[in-house]
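Asker:
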Amino acid sequence: MKRRHLLVVLALCAAFFAACAAPATPLPPVAPPTTSVAVIAPTAAPTSTPLPTQPPATPAPGAPTEPVAVSPAGQDGVPVAGTGGQPWWNDTTFYEIFVRSFADSNGDGNGDLAGLIGRLDYLNDGNPDTATDLGVTGVWLMPIMASPSYHGYDITNYYQVNPQYGTNADFKRLIDEAHGRGIRVIIDLVLNHTSSEHPWFIESQDPNSPKRDWYVWSDTEPQGNGWHPGVNGGYYYGYFGEHMPDLSYKNPAVTEEMHKVVRFWLEEMGADGFRLDAVKYLYEDGKRIEHLPATHEWLKDFRTFYKGIDPQAFTVGEVWNDSGTAAKYVGDELDATFDFSLAEAMLQSAVSGKSVNAERAGQTTVGAYPPGQFATFLANHDQNRTRTRLLDDGQAKTAATLQLAFGGVPFIYYGEEIGMQGAKPDENIRRPMQWTADGGFTTGAPWNSYFEDYQERNVAGQDADPNSLLNHYRALIRLRSDHEALRVGSWQSVTSDNDAVYAALRSTDHEQILVLINLGSKPVSDYQLALESGPLQPGLRPALLMGEADALAGPAVNAAGGFADYRPIATLPPYASYIIQLLP
Ligand SMILES: [Ca+2]
Ligand SMILES: [Ca+2]
Ligand SMILES: [Ca+2]
């Protein structure tokens with residue numbers, strides 16, 4: 000009860016922030032609030048009233064007094080508390096954190112939860128009146144459970160925080176501190192395999208142990224990859240290597256145990272959901288190792304299980320495939336999956352200076368998933384860093400706009416917002432966060448060295464530069480939080496006759512926004528935009544939410560609600576991002 004209440008309060012806080020935060024750029028008349036607005040102070044303590052239907056009793060001073068809109072049921076019967084009947088995660092901008100590399104509180108060179116808590120104000124200070132924070136409203140923590148490896152994807156105890164990162168009490172404190180700032184916390188959950196040092200697996204090495212069939216064993220060496228000899232005979236399956244034996248989900252005891260783990264993190268530890276690692280590999284059958292029907296069936300049951308504990312809990316899966324394949328896991332299985340194809344296409348458009356990749360992939364994504372139920376990103380902890388794949392900060396800015404002005408649930412990999420660099424091997428794409436010209440990650444010797452440019456490229460330096468990549472990210476995230484069309488609006492590709500110009504229309508019943516980007520390194524004057532049909536009404540007045548222009552033209556709306564021969568701004572400078580609200 001208490002937990003559900005906290006979530007609702009969080010959702011109300013998010014709505015409050017969205018309604019009250021000032022736009023990043025002062026502009027001509029802003030559209031009236033487009034959502035029914037919660038009236039509650041951001042830091043209000045939970046009251047005794049269970050929601051979801053009751054408005055909070057005491058309005059914050061000066062807050063609007065419209066009724067609270069908490070939709071009782073979403074598209075699939077799951078309670079939602081977000082804009083336009085969408086779940087809360089569509090109102091959220093996430094930030095992926097490798098705890099070991101983010102902030103070290105005790106000088107041992109390893110980042111930890113206390114260090115992360117100390118840096119939460121950088122992510123979101125909880126005060127809607129300040130724009131000096133990044134403004135993210137969710138974090139995904141890469142694995143924080145006990146593990147012998149630096150990365151943590153091989154777990155030895157699913158019920159204990161990695162002692163190098165802190166204690167379970169530290170995690171609960173992180174949850175409190177994050178929630179107090181309007182930040183939700185999801186954690187990596189590794190279901191497919193454990194560490195070979197997990198007590199379950201050590202026991203399983205004994206052919207007569209009751210844990211033997213918790214893992215995938217064969218008496219004889221099977222054909223195919225991923226089989227490793229056991230110390231007491233037999234061969235075990237470990238797709239990701241001998242140190243990561245696959246659990247056997249044919250055994251109901253394994254499912255039961257993992258349900259216990261999920262219940263523990265949701266109920267006792269207060270997590271808001273999970274990023275599910277390597278989820279397409281759960282079941283295997285001979286040489287078939289991914290996307291097995293049994294995996295899909297398991298995830299359907301899993302959904303029933305975790306939504307039964309917390310209907311607001313969020314799951315996002317790693318299914319590293321094309322959009323259509325990844326989307327098959329969404330709906331009655333996971334809440335969302337990461338869209339790897341879209342990420343690749345956005346980077347391709349940014350680096351080539353041509354809009355075609357992002358436009359086509361955008362259409363594919365929108366067609367493949369239930370509205371908004373996909374996670375966007377540019378690069379994650381398994382890929383070369385975004386800035387390393389791009390030529391300069393200008394391209395990093397256009398890539399950021401492509402992502403954050405798209406729909407879905409955006410995730411930003413830590414350091415991406417300052418253009419941190421790094422190419423594989425993996426340790427080099429997971430280096431310490433570059434806070435200051437001295438590094439600023441630890442007072443001791445960092446577990447891994449900073450990237451070589453940390454003295455010039457760091458948070459402190461970019462904080463002071465209004466044109467920095469960091470401040471571009473801050474502005475984009477703030478606009479997304481302030482404008483429902485950017486969060487949950489439909490996405491329509493707008494045709495441009497110049498292949499360097501990307502344009503899209505984002506619209507809800509209440510708001511229309513045109514996204515316009517010059518992806519190229521040269522100014523563009525010869526371009527015309529066209530939208531065959533759309534939701535527009537004649538007489539729209541354009542207002543700039545991002546970008547600078549001497550003059551701004553509105554579209555001549557046609558009978559089908561679209562437009563043709565539209566050039567909102569005479570000349571688009573290199574790598575310029577414009578976000579234009581179309582007001583009635
Ligand atoms: Ca430490
Ligand atoms: Ca703030
Ligand atoms: Ca497996």
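Sequence positions in the sequence shown follow numbering that gives the first Met the number 0 and run 0 to 583.
Backbone N, C-alpha and C define an ideal beta-carbon position, used for all residues, glycine too.
All values derive from a computational prediction rather than experimental measurement.
1) Is the beta carbon of L401 sitting closer than 8 Å to the one on I516?
2) Kindly provide the ranges of any alpha helix (DSSP H) runs that are 4 or more residues long and lie completely inside the region 107 to 179, ordered along the chain.
3) Is it buried or exposed, P51, if we count other Cβ atoms within 10 angstroms and call 16 or more buried?
4) Give a single yes or no on whether D481 has its beta carbon closer than 7 Å to a heavy atom of ligand 2.
5) Is it buried or exposed for T219, if we count other Cβ within 10 angstroms and need 16 for buried?
6) On the three-state DSSP scale, how would you describe D392?
7) Would you please state the rounded distance, in angstroms, between the beta carbons of W88 and I186? I believe it to be under 8 Å.
8) Is the beta carbon of S626 within less than 7 Å of some heavy atom of ligand 1?
9) On the DSSP letters alone, give me the boundaries of the beta strand (DSSP E) that D564 sits inside.
10) Considering only the alpha carbon of each residue, which of S208, L346, S247 lies closest to W297?
11) On the three-state DSSP scale, how would you describe N587?
12) Starting from the C-beta of P206, find all residues in its chain whose C-beta is less than 7 Å away, skip the five residues before and the five after it, and write them out in chain order.
13) Just curious, the beta strand (DSSP E) that V408 is in, first and last residue?
14) If you measure from each CB to the nearest heavy atom of ligand 2 and keep those under 5 Å, what residues do you get, in chain order?
15) Report yes if the C-beta distance between S195 and S146 is below 8 Å; otherwise report no.
16) Look up L571 in the DSSP assignment and say whether it is helix, strand or coil.
17) Less than 6 Å between C-beta atoms, sequence neighbours within five positions excluded: which residues of the same chain meet that for P31?
18) Listed in chain order, which residues are found with a beta carbon closer than 5 Å to a heavy atom of ligand 1?
19) Need the endpoints of the beta strand (DSSP E) that P228 sits in, please.
20) If we count the other Cβ atoms within 10 Å of its Cβ and call it buried at 16 or more, is A398 buried or exposed?
21) DSSP three-state call for F313: helix, strand or coil?
22) Would you kindly check if the distance between the Cβ of A404 and the Cβ of V514 is under 8 Å?
23) Can you find a heavy atom of ligand 3 that lies under 7 Å from the Cβ of E510?
24) Taking 7 Å as the cut-off, is the C-beta of E241 nearer than that to any heavy atom in ligand 3?
25) Can you list, in chain order, the residues of its chain whose CB lies under 6 Å from that of I411, leaving out five sequence neighbours each side?
26) If we count the other Cβ atoms within 10 Å of its Cβ and call it buried at 16 or more, is E283 buried or exposed?
27) By the three-class DSSP mapping on this structure, what secondary structure does W434 have?
28) Closer than 7 Å to a non-hydrogen atom of ligand 3 - does that hold for the CB of E283?
29) So what does DSSP say about Y577, is it helix, strand or coil?
30) Grab me the residues of A596's own chain with a C-beta within less than 6 Å of its C-beta, minus the 5 sequence neighbours each way, in chain order.
31) Going by CA-CA distance only, name the one from N191, Y280, D331 that's closest to A256.
32) Just reading off the beta strand (DSSP E) that E95 is part of, what are its end residues?
33) Could you check where the alpha helix (DSSP H) with R477 kicks off and where it finishes?
34) Helix, strand or coil, according to DSSP, for H295 in the structure here?
35) Could you tell me whether any non-hydrogen atom of ligand 3 is closer than 7 Å to the CB of D276?
36) Would you kindly work out how many angstroms separate the C-alpha atoms of Q612 and R211, rounded to a whole number?
Answerer: Judging by the given coordinates:
1) Here the question's residue 401 lines up with position 402 in the sequence shown. Here the question's residue 516 lines up with position 517 in the sequence shown. In contact: L401 and I516 (Cβ atoms closer than 8 Å).
2) 112 to 117, 119 to 122, 167 to 179
3) Along the sequence shown, read from residue 1 onward, the residue named residue 51 stands at position 52. In this prediction, P51 scores a pLDDT of 32, lower than 50, which makes its location untrustworthy; the coordinate-derived value is nonetheless stated afterwards. Buried, because 16 or more other Cβ atoms sit within 10 Å of the Cβ of P51.
4) Working through the sequence shown from its first residue, we reach residue 481 at position 482. Incorrect: D481 has no Cβ contact closer than 7 Å to ligand 2.
5) By one-based count along the sequence shown, residue 219 stands at place 220. Classification for T219: exposed.
6) Against the sequence shown, residue 392 aligns to sequence position 393. D392: helix per DSSP, three-state reduction.
7) Within the sequence shown, residue 88 is the residue found at index 89, counting from 1. Within the sequence shown, residue 186 is the residue found at index 187, counting from 1. 15 Å between Cβ atoms; not a contact.
8) Outside the displayed span of the chain (0 to 583) sits residue 626, for which this structure offers no information.
9) In the sequence shown, counting from the first residue as 1, residue 564 sits at position 565. Taken as a continuous stretch (DSSP letters only), the beta strand (DSSP E) holding D564 covers 562 to 565.
10) By 1-based counting over the sequence shown, the position of residue 297 is 298. Closest option to W297, Cα to Cα, is S247.
11) As displayed, the chain neither begins before 0 nor continues past 583, which places residue 587 out of reach and without an answer.
12) Taking the sequence shown and counting its residues from 1, the one referred to as residue 206 is at position 207. Contacts found: N231, G232, G233.
13) For this step, residue 408 is matched to residue 409 along the sequence shown. Per DSSP, V408 belongs to the beta strand (DSSP E) from 408 to 412.
14) D124, N126, T129, D132
15) Here the question's residue 195 lines up with position 196 in the sequence shown. Here the question's residue 146 lines up with position 147 in the sequence shown. Not closer than 8 Å, so no.
16) The residue given as residue 571 occupies position 572 in the sequence shown. If DSSP states are grouped into helix, strand and coil, L571 belongs with the strands.
17) Against the sequence shown, residue 31 aligns to sequence position 32. Reliability of the predicted coordinates at P31 is poor, the pLDDT of 31 falling under 50, and no value is obtained from them.
18) D103, N105, D107, N109, D111
19) In the sequence shown, the residue the question calls residue 228 occupies position 229. Counting along the chain, the beta strand (DSSP E) containing P228 begins and ends at 226 to 228.
20) Taking the sequence shown and counting its residues from 1, the one referred to as residue 398 is at position 399. Looking at its Cβ environment, which holds 16 or more other Cβ atoms inside 10 Å, A398 is buried.
21) For the purposes of this step, residue 313 is taken as residue 314 along the sequence shown, with counting starting at 1. Strand, per DSSP.
22) The sequence position of residue 514 within the sequence shown is 515, counting from 1. The sequence position of residue 404 within the sequence shown is 405, counting from 1. In this structure, A404 lies closer than 8 Å to V514 by Cβ.
23) Locating residue 510 in the sequence shown gives position 511, where the first residue counts as 1. No; taking the cut-off as 7 Å, the Cβ of E510 has no heavy atom of ligand 3 nearer than that.
24) On the sequence shown, residue 241 is found 242 positions in, with the first residue counted as 1. False, no ligand heavy atom lies under 7 Å from that Cβ.
25) For the purposes of this step, residue 411 is identified with residue 412 of the sequence shown, where counting begins at 1. Only Y94 meet the Cβ criterion.
26) Start at 1 with the first residue of the sequence shown, and residue 283 comes out as number 284. Under this definition E283 is a buried residue.
27) For the purposes of this step, residue 434 is taken as residue 435 along the sequence shown, with counting starting at 1. Coil at W434, not helix or strand.
28) Numbered from 1 along the sequence shown, position 284 holds the residue referred to as residue 283. Because some heavy atom of ligand 3 lies under 7 Å away, the Cβ of E283 counts as near it: yes.
29) Counted from its first residue, the sequence shown places residue 577 at position 578. Strand, per DSSP.
30) Here the chain covers residues 0 to 583 and nothing more, so residue 596 does not appear.
31) Numbered from 1 along the sequence shown, position 257 holds the residue referred to as residue 256. Ala is not the amino acid found at residue 256; the sequence shown has Glu there. Comparing Cα positions, the closest option is N191.
32) Taking the sequence shown and counting its residues from 1, one reaches residue 95 at position 96. Run containing E95: 93 to 96, per the beta strand (DSSP E) assignment.
33) Sequence index remark: in the sequence shown, residue 477 carries index 478 (1-based). Start and end: 468 to 481.
34) Stepping through the sequence shown from its first residue, residue 295 is reached at position 296. It is helical.
35) As a position in the sequence shown, residue 276 is number 277, starting the count at 1. D276: no, Cβ never under 7 Å from ligand 3.
36) The requested residue 612 is not part of the displayed model; the chain covers only 0 to 583.
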